[in-house]
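K.L.:
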Amino acid sequence: MLIDTAGLRKRSRVEDEIEFYSTLRTARAVERAHVCILVVDATDGMHAQDLKIANDAWERGVGLI
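Going left to right, the sequence shown walks through residues -2 to 62 as my numbering numbers them.
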């Protein structure tokens, strides 16, 4: 099964209730996954939040592409 989730942002930057719940669902999807594909905007480069997502996946033993 493939689940396409919304991107994750820092909690301090989550502006509305819909985005808050979207972020929670994304985090739960990462927890349940066997493999995650992390898509990064090449023109913008890696950010601290991207590295945090990758680290969260690694700590949970989730494969990361």
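Even glycine gets a Cβ: it sits at the ideal position worked out from N, Cα and C.
In whole angstroms, give me the CA-to-CA distance for M43 and L61.
P.N.:
C-alpha separation (whole angstroms): 15 Å.
K.L.:
Can you check DSSP and say which residues form a bridge with G60?
P.N.:
Beta-bridge pairing links G60 to V32.
K.L.:
Given that a residue counts as buried once 16 or more other Cβ atoms are within 10 Å of its Cβ, and exposed if not, what is A40?
P.N.:
For the record, residue 40 in the displayed sequence is Thr; it is not Ala. Burial call: exposed.
K.L.:
Which residue's Cα is closest to the Cα of D53: V37, D38 and C33?
P.N.:
It is C33 whose Cα lies nearest to the Cα of D53.
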